[in-house]
Every structure is written in structure tokens, then in C-alpha cells.
């Protein structure tokens, strides 16, 4: 039985509910006509082996009625009956590429014809397609005496190419051992395991978990898998003697941190002695897989600007009030975009195994994110891939699901998912929204033992597990119509597990609404009135999340920190002079000014964020004592080296203590970037009073 036929039959064997032709054709990415042809093959197979056929019930769908024992026996049989097929074109492509990439042996085309059981003309066509594909990576295929066919190109490009190909043609969950080794797998998966060595991947995975989890690094299992795959390729290439050219210097600081310790542990495990250049390159690459704060000011503030603008953009297009869940949404997007920016600089694409399903299931949000592509392209100098758009869509989809949740939850459950933190949260949010299920935790397969310690009655999983102590339902990571039918049947079967859970008052949201009502009624929220409202809430034992109550620009920008019509000879003096008020008030230390200047020297004039406007900043750890802002206008404009936005006429200096407390300040600055009329009036203001009136006024002063 062929691979796809096996997988479709296995799908019927995994459920006890009805499945429809429409749902399954979408799930397996085939036409309904092709699916019906597969169904004929499956029913013939069932008949030949004395099993009942798959039956169709009008208005419900298709179902395979078997006992549990019959299901187990049939699953074992179809695994044994796997047909030995000729390789498909994509599988031949992969087999040919991996054979050429293996520098421990000689690849000769006439031998590959015999190995792949193809004619010379077919092999010639396969080689033509391979050469065409490799051009995108600036890699060529050459024939050398004694060495046979080999890849010629930059070693970094070869590694990235192998990573991209393996990601796109294989089931990465299977490669990483998330799926049972006895499960149905493709020829492509086996080809890669023959090349990569499953034991090497397993050892790297163990080191990843041991070193990074011990260091309390947040682990996203999509990024974990892809880090391990990249490192598996790295180890293989190094063991074969394929190293980076010392002429290709990597501009990255090498420092002691969990990622560097992880790379060192791999070198020790496999007895590798790479150059310092190799260590820098690989450490920086693996850092780019992690959606967390990066170590330079460029990614840090750029990610914040993009996250805020993206939320506003998607909200306007979809009309979904994402501002209701802005804190969680902003933080998730911000962390992901820092990794995205780093991957773009390192010319590395993350692979999203669920992108097609996300694109189909959340089409409106996906298109809204995609329409923001041009704005991000301005920073990364190339369009976002569909994989990255899919990841960003998941954050919004999760938030949208949470916004819709108004009912009490009557089931208590846990979600197991190895497709990534955000995908697990999205599944949890959909279960809450659509089925009144309270999800206590989202876990991975590594945390199976925690289920017994949680107060839950049901287990929803996207991975195959054996857990007899609680009812378990296997689901797709992105819910399909067939999954929803299975969930309803599962809940009905376990209706005795229902609980009543009362919702808690969101005091933070209530306080924000009260402050908004004061403003809408014509009042003004001053520092004193805000403190009185906060104290009143505390007196009534209502806990406020101060992280969500962010100060506005007017709360932290003092008159003494506004400098007008200053003269400066160059951009370095502009930064130093604009920061002086913050230095005098001990908001920053002298080294913070040095860090801001060094950052521009290293990364270019990225701080010029709008027409004639610069936002000087560095990292919080570079010498910030507390949150502060200063602003300076220039008597004569100064060039920073940004051809699109020079010359700079106004500069804000931001001193931030973390990545979230200045969120509203960033929003205020974005409003200025988009309001040229107000910006021009600020630049021409002669006194602080008029400057403040323009800066905080709701209308531009005529």
C-alpha cells in the first residue's frame, strides 16, 4: 500500500466518528476526486483482508466500524504491508542531492541511475532541475576527477540549502522522534535519517533540553526542532571536513551564555574542534531561532516599533479589537519579531509546518498580516516568507479567540502539543472558545509526567501518546471540521467530567475602563487622580497588574528635558546633547551615551525612524537607572546617513528599563512619525509651552 493511502486509512482507524470527503481532501491536500479513488483502493484492501468496508451515511459522512482489537491488528498489518515503490520526483531529487552532499563517498551519475532505477534521460532531467534549484543559493554542481559530482559554493549557503530542503520535504516531528519509529513514514524521511543519523539528532536534542532548560531558557518546540536539524547538518559537515572560509568573517560578539554553552557541549559530545569563526556563526544562527530579546539595540527597538504598528494595522483591517488583549499579543509578537529580524540578517528561514492550514483557517487575519509585508521589508530588505506570516498569524488568532471568550468553562483539561508554544496556545484558546473547556496547561511530550500532578480530567493531544489514566483525544494542531465533530462526541462521552468554574473579575481592565470614561466625560487623568483611583481599587482588594498600566509620554517627559533649537556639528553631538538632561537627573549613566553612539557606528543610522525624526536609545543594561525621555529640536538639521529620512531635525532620547514599560511612549512616537503636520510644528516651536501644546494636543495648532 502506498504512503498516502496508508495515512488515509490510518486516519479512519484513529477515530470513532464520521469523517467527510471535503474535510479529508483538505487535510491531505488532494482533490475530492483523488480522495474517492484512494477510498476505492482502501475498501479493496479491507475486503481482501476480511475487514468491513468504510461506509457512508447521508448527512453525516464516512466511518470505519471496527472493534478496538480489530483496529490494533489492522494498524499493525498496514505497517507491515508498506509497498516498495519507485521514488517520486521529489524523493529522487532529495536522494540525488544528499548523495552529492555526502563528501565521504564518490557520486557518479551512471551509478545513481541504477540506484534510483531511472533512465539516463530521466537522470539528466533530474540534474538539470537540481542545478536550477541550487542557483538560488549561489551553489553549483561540478564534476571532479576521483571525487565525482560535488557541490561548489559558500559553506554557509550549502548548510542553509540542506536545512531548507530537509525542512520542506520531510516530517520534522518524525525526524526528531516525536512520532513512534514504527509509524508510517515517507521515503524522504528515511533518506534524511540515513544521511543525518537519528542517534546524532537524539543526542543533540538531549543536550538542548539539558543545557537550555537548566538555564531556564523558554523553549518553543518548533524552534527546538529546527535548531536541532540545523546543528545536525553542522555536525555532519564538520565531521566531513567542510568548514567556513576564514575570509567570511562573522560579525558577532562571542560571549558566555546558555546558547554558547549548548554549542560547546555539542563540540565535546562529538569531539569537534571548530574555529572561533565557526563557533560565532553557529551560536548566532541558533540564537536567531529563539523568539526572545536579542542582544543589540537595533533588533530591540525595531521589533517594538514593528509589533505596535502591526497590531494597529491588523486591527484596522479585521475590525477585531486586539487592543483588548494588547499586552499578551504585543509581548508574543515582539519576541517573535526579534528572532525574525535576526534570522533575516543571518539569511535563515524558519520553517512553519502548519502554514497552509493556518492560511486556510485564518484567512482574514493571514491576509491582514501579509498586507503589512512592505513595512517589514523596509527593515529586512526582502519580503516575509509565508512561514513567518503563518507564525505571526497564530499570535493574532490566539488573541482573537481569547477576545471572544465570554462563557464559563465547564471542562478542565490539558493540551499536549509539540508544534510550538504559540500553536499549543492557539489550540487551547480554540478549545476554550468553542467548547467551554478550561485549559489548565499547555505541555510538550517531554512533560507527560506532569499531567498526574494537574487538576485535570481530559487530555487533548496533537501527538500520539499512551496515557491510560485519563481520557485522551488526538487532534490536529489547527482544528478542522472533522476534529470539532470528534471533540463534541468526546465531551458527550465524558459528560460526567463537567465542572462549573466561575470567572474572576479583571480589575486591571476595569480600572482602564474607568480612566477612559473620565477622559470621555471631559475630565483629565492627572498623576494625582490616577493614584487616587489606584488606591481606591487597593482598598477594595482589587489587584492591579501595573505591567499593563503603562505611563504615557506626558507622564515622563518633563519641561526640563525639552531642548529647543540647539546647535550641533554632527550626529554624535546630537545624541550626546539630547541625552544630557537624563544624565543630569541620574536617569542614565555616562556609559549609556557611549552605548547609543557605538550602536549607530556598528549598525548604521537605524535610529532615524521617521522623516526628520531620530529615536536615540541603547539597551537597558547599558546604563539605565529608571524610565525617562528627553527631546531636542535642531536649529540646523544634521545628517545621520539615512538617505530616506535625513536630515534629522528632532531627536527623542529613550531610556527604558525593560521591553514593555514604555509601550505607550512608543505609541506616541509612532503617532508623530505618521503626522507630518504636527511634527513640523514641533520642529518650529520657539518655546516649551507651545511645544507641549502641539505634542499633547488632540489637534494641530493653526
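In full-length UniProt numbering, the protein residues as written are 1 to 702. Backbone N, C-alpha and C define an ideal beta-carbon position, used for all residues, glycine too. Values in this document were obtained by computation on a predicted structure and should not be read as measured data.
Where residue i sits in the DSSP three-state scheme
i	result
residue 83	Reliability fails at residue 83, whose pLDDT of 49 lies under 50, so the model's placement of it is uncertain and no value is given.
residue 149	strand
residue 474	strand
residue 632	strand
residue 656	coil
residue 241	coil
residue 637	strand
residue 179	Residue placement at residue 179 is poorly supported in this model, since its pLDDT is 49, which falls under 50; the coordinates are not used for a value here.
residue 686	coil
residue 137	coil
residue 332	helix
residue 454	coil
residue 613	strand
residue 439	strand
residue 507	helix
residue 600	helix
residue 563	strand
residue 62	strand
residue 407	Residue placement at residue 407 cannot be trusted, given a pLDDT of 48 that sits under 50; what the coordinates show is reported in the next sentence. In this structure, residue 407 counts as coil in the three-state DSSP scheme.
residue 672	helix
residue 698	In this predicted model, residue 698 has a pLDDT of only 46, less than 50, meaning its place in the structure is not dependable; the value taken from the coordinates is given anyway. Coil at residue 698, not helix or strand.
residue 460	strand
residue 342	helix
residue 96	helix
residue 649	strand
residue 529	helix
Inter-residue Cα distance where the pair is residue i and residue j
i	j	result
residue 507	residue 513	10 Å
residue 235	residue 309	40 Å
residue 539	residue 522	26 Å
residue 464	residue 26	21 Å
residue 120	residue 240	30 Å
residue 681	residue 282	49 Å
residue 99	residue 139	16 Å
residue 268	residue 579	46 Å
residue 442	residue 402	15 Å
residue 591	residue 641	23 Å
residue 273	residue 231	15 Å
residue 194	residue 188	10 Å
residue 31	residue 357	16 Å
residue 458	residue 413	5 Å
residue 50	residue 205	43 Å
residue 565	residue 662	26 Å
residue 36	residue 378	47 Å
residue 393	residue 105	44 Å
residue 621	residue 589	11 Å
residue 494	residue 470	10 Å
9 Å Cβ cutoff met for residue i and residue j
i	j	result
residue 534	residue 552	no
residue 656	residue 613	no
residue 237	residue 155	yes
residue 167	residue 351	yes
residue 411	residue 497	yes
residue 610	residue 672	yes
residue 472	residue 462	no
residue 6	residue 78	yes
residue 582	residue 561	yes
residue 23	residue 482	yes
residue 312	residue 399	no
residue 696	residue 531	no
Nearest-angstrom Cβ-Cβ length linking residue i and residue j, presumed shorter than 8 Å
i	j	result
residue 683	residue 635	Not confirmed; about 10 Å, so no contact.
residue 654	residue 694	Not quite, the Cβ-Cβ distance comes to about 20 Å (not below 8 Å), so this is no contact.
residue 651	residue 616	6 Å
residue 302	residue 606	7 Å
residue 569	residue 632	About 14 Å separates the two Cβ atoms, so there is no contact after all.
residue 708	residue 365	Nothing about residue 708 can be read from this structure; the chain reaches only from 1 to 702.
residue 176	residue 201	6 Å
residue 645	residue 608	5 Å
- Message: Does the structure place the stretch 660-672 close enough to the stretch 594-602 that three or more beta carbon pairs sit under 8 Å?
- Response: In this structure the stretch 594-602 does not touch the stretch 660-672; the number of beta carbon pairs closer than 8 Å is below three.
- Item | contact_flag[the stretch 13-29, the stretch 54-66] where n(CB pairs < 8 Å) is 3 or more | Verdict: yes, contact present.
- Message: Could you check whether the stretch 362-374 touches the stretch 327-336, counting it as contact only if at least three pairs of C-beta atoms, one from each stretch, sit closer than 8 Å?
- Response: Output reads no: the stretch 327-336 does not touch the stretch 362-374.
- Query: If we count Cβ pairs, one from each stretch, closer than 8 Å, do we get three or more for the stretch 154-167 versus the stretch 113-132?
  - Reply: Result no; under three Cβ-Cβ pairs closer than 8 Å.
- Do the stretch 1-16 and the stretch 66-77 meet, that is, are 3 or more Cβ pairs less than 8 Å apart? In the pairwise beta carbon analysis, the stretch 1-16 is classified as touching the stretch 66-77: at least three pairs are separated by under 8 Å.
- Query: Quick one: any contact between the stretch 43-57 and the stretch 135-154, if contact means 3 or more CB pairs under 8 Å?
  - Reply: The stretch 43-57 vs the stretch 135-154: no contact.
- Query: Just checking, does the stretch 417-430 make contact with the stretch 475-488 on the three C-beta pairs under 8 Å criterion?
  - Reply: At 8 Å Cβ cutoff, the stretches touch.
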